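Protein chains: 2
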Amino acid sequence: MARGSITAERLTRAAAEVADEIGFEHVTGSAVARRLGVKDPSLYTHIANARELKVRVALLALEEMADRAAAALAGRAGKDALVAFADAYRGYAKEHPGRYAAARFELDAKTAAASAAPRHTEMIRALLRGYGLPEPDQTDAVRFLGGAFHGYVSLEMAGGFRHTPRDADASWAWMLDTLDLALKGRSGK
Amino acid sequence: MARGSITAERLTRAAAEVADEIGFEHVTGSAVARRLGVKDPSLYTHIANARELKVRVALLALEEMADRAAAALAGRAGKDALVAFADAYRGYAKEHPGRYAAARFELDAKTAAASAAPRHTEMIRALLRGYGLPEPDQTDAVRFLGGAFHGYVSLEMAGGFRHTPRDADASWAWMLDTLDLALKGRSGK
DNA sequence: TAGCTTTCCCTAATACAATTAGGCAAACCA
DNA sequence: TGGTTTGCCTAATTGTATTAGGGAAAGCTA
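Quick note, the sequences are listed as chains B and Y, same order.
Residues 514 to 702 (the working numbering) are what the first sequence spells out, left to right.
Residues 514 to 702 (the working numbering) are what the second sequence spells out, left to right.
Right, dumping it as structure tokens:
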């Protein structure tokens, strides 16, 4: 291939596309090389190893999600903010299932700290401001919300809800209502 | 190796052990064969392929978790049941992280239906009885709780809480309190 | 219990993914 | 333009997944 046809960014983007198509767990360096029309060993001029490719997709996903969530959050507060944030999250997962899975890839502490992950936490903290929770309740609530959003989306994507007729959107809305009420209840205590 | 030294069950158990030791995503047929002191091709007399091994570990994990949860639930109701169930779940994940991850392995619909997964749903439904939720709220609540438990445990195991000093057990307890209150609020409506 | 059949673990071999070594031409630089 | 660097390639190695086929042990039969 032509010199300069590969860059770490191009590799990352291609890997993200492959992930969305065949699932993050099936992403392989070879598949990415094939998609870009280059030979496998050529990858190693740009990335250290196959793991780095996955890490880069994870970082990309975390950043894209954070950007979407930030946009969704802008100018909103209270339940409005809660719903907008949660929907941004879930919407991203539906649009980019492979990248969403990538965002759960285990990063070492240093990489995680330098990623967009802390922004996610900060945004949840921001949307919680409307509920007036004191510490340490606020931290507990951050973990609770993060877990609830991720857990729901994760079960939904795994097909866990297909056995029951009830619409997944309706259950999602019910959950957000419930979370809103629960947080209001917690703040008034 | 001696004839009869391999069975599908033995393979599954060994794979589960490997999973807990090095992580479910790193389980390989070769590693399991090595652990049992047999050659790789010998596996294929007992399982169709490497995926089947993972499926079997997933089924084992789902069953073990269901058994634990059932024992925890016995004789309890209301918040007591909620906490016991959730703790059983989280306890299993901490004791057997590889198997816990395996339980999230995507099964095809038929296999999932024949697994212990429906028991999990049924148990959540059972513990919700104490809250008197009408349908479809009950279904929504099942999804909510399943998601919240899994999401929290999943984030905790991924190390997502290590950055903040707040104790993960305390946040867990806070979440269970909040869930209890939220469900009570929902039933009284 | 000799002989027959089946079972099952092994060796040999293939394919694909990850990775390293080293070559060679294109691009850059003086 | 000649020298250096850069970056993609071919060749080769290792590890995992899998198929083919052999041979001996276990079990059945008479």
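Where a beta carbon is used, it is the ideal one built from N, C-alpha and C, also for glycine.
Bear in mind the structure is a predicted one, so any value in this text is a computation, not a measurement.
Check: In terms of alpha-carbon separation, which member of B:Ala695, B:Arg526 and B:Tyr557 lies closest to Leu641 of chain B?
Finding: B:Ala695
Item checked: CB contact below 7 Å: Arg656 of chain Y versus chain B -> At least one chain B Cβ lies under 7 Å of Arg656 of chain Y.
Item checked: Cβ shell of Ala583 of chain Y (< 8 Å), same chain only, five flanking positions each side left out -> Hits under 8 Å: Arg632 and Met636.
Notebook entry, point to check: Which chain B residues are close to Tyr605 of chain Y, counting only those with a beta carbon under 9 Å from its beta carbon?
Noted result: Simply none; closest approach about 16 Å.
Next item on the list: State the CB to CB distance for the pair Ala606 of chain B and Met514 of chain B, rounded to an integer number of angstroms; the pair is presumed to be in contact (CB under 8 Å).
Entry: 34 Å between Cβ atoms; not a contact.
Next item on the list: Whole angstroms is fine: what's the gap from Ala630 of chain B's alpha carbon to Pro554 of chain Y's?
Entry: 43 Å
Next item on the list: Give me the Cα-Cα distance between Arg675 of chain B and Arg516 of chain B, rounded to the nearest whole angstrom.
Entry: 48 Å
Check: Are there 16 or more other CB atoms within 10 angstroms of the CB of Ser684 of chain Y, so buried, or fewer, so exposed?
Finding: With 16 or more Cβ atoms within 10 Å of its Cβ, Ser684 of chain Y is classed as buried.
Checklist line | Min CB distance Met688 of chain Y to chain B below 7 Å | finding: yes
Next item on the list: Check whether the Cβ atoms of Ala597 of chain B and Ala585 of chain B lie closer than 7 Å to each other.
Entry: yes
Next item on the list: Would you kindly report the start and end of the unbroken alpha helix (DSSP H) that includes Pro610 of chain B?
Entry: Pro610 to Ala615
Check: Are Leu524 of chain B and Val545 of chain B touching if we call contact CB-CB under 7 Å?
Finding: Yes, the pair counts as a contact, with Cβ atoms nearer than the cut-off.
Next item on the list: Express the C-alpha separation of Ser628 of chain Y and Glu576 of chain Y in angstroms, rounding to a whole number.
Entry: Each residue's alpha carbon lies about 8 Å from the other.
Note to self: Tell me the residue span of the alpha helix (DSSP H) that contains Thr525 of chain B.
What the structure shows: Ala521 to Ile535
Next item on the list: Could you tell me which chain B residues have their CB closer than 9 Å to the CB of Arg679 of chain Y, listed as they occur along the chain?
Entry: Glu648, Pro649, Thr652, Asp653 and Arg656
Notebook entry, point to check: So which residues on chain B does Ser667 of chain Y lean against when the C-beta distance must stay under 8 Å?
Noted result: Arg617, Gly660, His663, Gly664 and Ser667
Note to self: Just to confirm the assignment, what range does the alpha helix (DSSP H) spanning Leu706 of chain B have?
What the structure shows: The structure shown does not extend to residue 706 of chain B, since chain B is modelled only from 514 to 702, so the question has no answer here.
Check: At a Cβ cut of 9 Å, what residues of the region 587-612 of chain Y count as close to chain B, listed as they run along the chain?
Finding: Those would be none; no residue qualifies.
Check: Among residues of its own chain, excluding the 5 on either side of His559 of chain Y, which ones have a beta-carbon nearer than 7 Å to its beta-carbon?
Finding: So the list reads Ile519, Thr520, Ala521 and Leu524, once near-sequence residues are dropped.
Notebook entry, point to check: By a C-beta neighbour count over all protein chains shown, 10 Å radius and 16 as the cutoff for buried, is Ala626 of chain B buried or exposed?
Noted result: Note on Ala626 of chain B: under 16 other CB atoms within 10 angstroms of its CB, so exposed under the neighbour-count rule.
Item checked: Spatial distance of Gly536 of chain B from Pro610 of chain B (CA atoms) -> In a straight line, the C-alpha of Gly536 of chain B is about 7 Å away from that of Pro610 of chain B.
Next item on the list: Compare the C-beta of Thr558 of chain B against all C-beta atoms of chain Y and say whether one is closer than 7 Å.
Entry: no
Item checked: Beta-carbon neighbours of Leu575 of chain B, restricted to chain Y and to distances below 8 Å -> Within 8 Å Cβ-Cβ: nothing; Leu575 of chain B doesn't reach chain Y, min ~12 Å.
Notebook entry, point to check: If you draw a straight line from the C-alpha of Phe662 of chain Y to the C-alpha of Val655 of chain Y, how long is it?
Noted result: 11 Å
Next item on the list: Measuring only between beta-carbons, confirm whether Gly645 of chain B sits less than 7 Å from chain Y.
Entry: no
Notebook entry, point to check: Is any beta-carbon of chain Y found at less than 7 Å from that of Leu694 of chain B?
Noted result: yes
Margin query: DSSP three-state label for Pro647 of chain B, please.
Written below: The answer is coil: DSSP assigns Pro647 of chain B none of H, G, I, E or B.
Check: Along the chain, where does the alpha helix (DSSP H) that runs through Ser518 of chain B open and close?
Finding: Careful: Ser518 of chain B lies outside any alpha helix (DSSP H) and carries neither H nor E.
Margin query: Using the Cβ count rule (16 or more neighbours within 10 Å means buried), how would you classify Ser543 of chain Y?
Written below: Burial is judged here by how many other beta carbons sit within 10 angstroms of a residue's own beta carbon; Ser543 of chain Y has fewer than 16 and is exposed.
Next item on the list: Reducing DSSP to helix, strand and coil, say where Ala671 of chain Y ends up.
Entry: coil
Notebook entry, point to check: Closer than 7 Å, CB to CB, is Ser700 of chain B near chain Y or not?
Noted result: no
Notebook entry, point to check: At a Cβ threshold of 7 Å, is Ser518 of chain Y touching chain B?
Noted result: no
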